[in-house]
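>
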Amino acid sequence: MLRVELDQHRGEAEDRVRRLPLRGRDGVGEREKGPVGEAVAVDQIKRLVHAADATAAVGTPARAEPSYTRDVSSTPSAQYSLTIRIEIADVPGMLGRVASAIGDAGGTIGAIDLVEAEQHLIRDVTVSAAGSEQWDLIVKAIEEIDGARVIDTTDRTFQMHVGGKIEQHNRHPVKTRDDLSMAYTPGVARVCSAIHEDPERAFQYTIKRNTVAVVSDGTAVLGLGDIGPRAAMPVMEGKAMLFKEFAGVDAFPICLDTKDTDEIVETVQRIAPGFGGINLEDISAPRCFEIEERLKATLDIPVFHDDQHGTAVVVLAALLNACRLTGRDIMDLRVLVIGLGAAGVAVTKILLEAGVREIIGCDSQGALSTERGDYQDGTMTPIKRWYSEHTNPEKVSGGPAEAIVGTDLLIGLSGAKVIAAEALGTMRPDPMVFAMANPNPEVSPEEAAPYARIIATGRSDYPNQINNVLCFPGVFRGALDVRAEQITEPMKMAAARAIAQIVTDDELNEEYIIPSCFNRDVAPAVADAVAAEARATGAAQAERNTIGFAASDVEAMRNP
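In terms of the numbering used here, the sequence shown opens at residue -7 and continues consecutively.
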């Protein structure tokens, strides 16, 4: 059952993170007990700090002022989470002094675990920092305390990746000769013959019915750019984890050691028989457009470039709710899109499909139009020629600061600080700003706040995160369930509406226009909407997947 598979997957992930072996020592993960008292919960850390201050006030030598400064503008994050193994003297107030030192250095404590209790106490302290450079400050602050010594440190993010983040599990045990004869030779030959007679049976008798290939060449990875297929593997593994966690889809990373468009297309075509869908990921523009179109034209399974369409679907979902909140009609909007790579083009296409009539797109050379020089002289790329012909009806020219005047919505899909906050003041009343560049948006939420009514970003530490994980698990779940051969524009629109409708009228406000990526209602709702649209428009090849990923399994996704 999908519920069991999901539960097993989550349990394994929790074990890897919470019980990290450091240098072969035992006891990691046990809450603090024994001669030093009860377990130390995270919500007691402030009391420990206060106790340390009180102890210092009545005679314990105070810690010298640290020789570092704290960057108060930085926000500690789990991505820079460190497990610090510390030997601490068994003296009252020492743990509080350590906690205080970590806080003064800018760290946030997540857990304190007892490893050993002898003459000295050894503890593992989990600390989040704002960056790896801050780790040195935190360690130095601890070591400046008499009676405290740092034994070891472990980068928890790297620890999670040791050996990879995914693995394969058998659905049936092989413990007897009967098991072997049915799972492998000779019994498997009968199943092979059945599929040979009717290739459609591959969806019933192989993993094809629930498996997606996550394909990348590593040329456009997150904010890292062209880092190659090997370095892209951790991202693709993470994508596979999200497919399994949120929709029960078995995904596998396929990183190709080529940048040649023909070779990528041919390779994916050749591996397609083993998969029920293809998720293209982190392939640079403009090659990504041709690769997707050629694969869609030649394969009988859905092909979906998530960097394009996942972003577009979630942006539209957020916009639908922003319009619902502000009372706007989407057809009356005037929109500026900054950044015309894969995501920018796809967002523009879905907005046009949704009824937006006035869109201006800006690249590094300014606003696109049929009057721009590179369009006129024929040097503009084909995709940007299309863009120029389908947007900017008023032929607005200039850069973002000029193009933003009189718009309702700014969509940023480019880079950090490409537009001044003051320019937002030239937008129409109650403007909406979706600044999605990561890690630093086109304009910071703090700077945009005086001007914008609604602000969304791509970051998890601000409200209204535009996150593709709201889209792709449910989209593929729905497409696989009805064996859709393509993910059509109506199916994407249905996905956007389903995401938007998760937010109720009572919940909707300026800081909540899009559901959390951890909302377990999202993927089943998206899957249902996509499957229904596929059936309604003739894109479905089956009423429902023959193994029945519905009903109880959807409930398992909602209530893990």
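Virtual Cβ for every residue (Gly too), placed ideally from N, Cα, C.
Check this for me: beta carbons of V461 and A490, under 7 Å apart or not?
Result no, Cβ atoms of V461 and A490 do not sit closer than 7 Å.
> Let's test the definition: count the other Cβ atoms within 10 Å of the Cβ of C509 and tell me whether it reaches 16, buried, or not, exposed.
It counts as buried.
> Can you grab the Cα-Cα spacing for the pair R512 / Q357, in whole Å?
Answer to the nearest angstrom: the Cα atoms are 42 Å apart.
> Please classify N459 as buried or exposed, where buried requires at least 16 other C-beta atoms within 10 Å of its C-beta.
Under this definition N459 is a buried residue.
> Can you tell me whether A532 is buried or exposed? The criterion is at least 16 other CB atoms within 10 Å of its CB, across all chains shown.
Classification of A532: buried, given that the 10 Å Cβ count is 16 or more.
> Could you spell out where the alpha helix (DSSP H) holding L312 opens and where it closes?
D298 to T318 is the span of the alpha helix (DSSP H), which, as asked, contains L312.
> Any idea if M323 is buried or exposed, counting beta-carbon neighbours within 10 angstroms, 16 or more meaning buried?
It counts as exposed.
> Mark K484 as exposed unless 16 or more other C-beta atoms lie within 10 angstroms of its C-beta, in which case mark it buried.
Buried: at least 16 other Cβ atoms inside 10 Å.
> Across the region 259 to 271 and the region 467 to 483, are there enough close Cβ pairs to call them in contact, namely three or more that are closer than 8 Å?
Enough Cβ pairs lie closer than 8 Å, so yes.
> For L500, which residues from the same chain have a beta carbon less than 8 Å from its beta carbon, with the 5 sequence-adjacent residues on both sides left out?
Excluding positions up to five away in sequence, the list reads N313, R316 and L317.
> Could you check what DSSP says for F510 in three-state terms: helix, strand or coil?
DSSP places F510 in coil when its eight states are reduced to three.
> Mind checking E434: buried by the 16 CB within 10 Å criterion, or exposed?
When all chains shown are included, E434 counts as buried.
> Rounding to the nearest angstrom, what Cα-Cα distance links T118 and I158 in this structure?
Cα to Cα, T118 sits roughly 24 Å from I158.
> Between which two residues does the beta strand (DSSP E) harbouring C184 extend?
Here C184 belongs to no beta strand (DSSP E); instead the alpha helix (DSSP H) covers V180 to E189.
> Use the C-beta contact count for D298: other C-beta atoms within 10 angstroms, 16 or more gives buried, fewer gives exposed.
Burial call: buried.
> State whether the region 130 to 139 contacts the region 194 to 211, with contact taken as three or more CB pairs (one from each stretch) at a distance under 8 Å.
Touching, no, given that fewer than three Cβ pairs across the two stretches are closer than 8 Å.
> Taking the alpha-carbon positions, what's the E192 to V514 distance?
C-alpha separation (whole angstroms): 30 Å.
> Quick check on D497: does DSSP put it in helix, strand or coil?
It is coil, neither helix nor strand.
> What does the Cβ neighbour count give for F150, buried or exposed, with the cut at 16 atoms within 10 Å?
Under this definition F150 is an exposed residue.
> From E414 to A393, what distance separates their C-alpha atoms?
Their backbone Cα atoms lie some 9 Å apart in a straight line.
> Determine which residues share a DSSP beta bridge with P482 and list them.
Its beta-bridge partners do not exist; DSSP assigns none.
> Report all residues from its chain with a CB closer than 7 Å to the CB of T198; omit the five preceding and five following residues, and keep chain order.
Within the same chain, T198 has no close Cβ partners at all.
> Can you tell me whether DSSP reads Y504 as helix, strand or coil?
Three-state DSSP puts Y504 in a strand.
> Counting only C-beta atoms, is F426 closer than 7 Å to chain C at any point?
Looking at the structure shown, chain C is missing, and only one protein chain is on hand.
> What's the C-alpha gap between V41 and C280?
Any reading at V41 must be qualified, since the residue scores a pLDDT of 45, below 50, and its modelled position is unreliable; the value itself is stated next. Each residue's alpha carbon lies about 53 Å from the other.
> Using only CA atoms, which one of V327, I411, D422 and E345 lies nearest to R445?
When each option's Cα is compared against that of R445, the closest is D422.
> For the alpha helix (DSSP H) containing R89, list its first residue and its last residue.
Start and end: M86 to D96.
> Measuring alpha carbon to alpha carbon, tell me which residue in I411, A310 and E282 is nearest I330.
That would be I411, whose Cα lies nearest to the Cα of I330.
> Just to confirm the assignment, what range does the alpha helix (DSSP H) spanning A597 have?
This structure gives no information on residue 597, because the portion of the chain shown stretches from -7 to 552.
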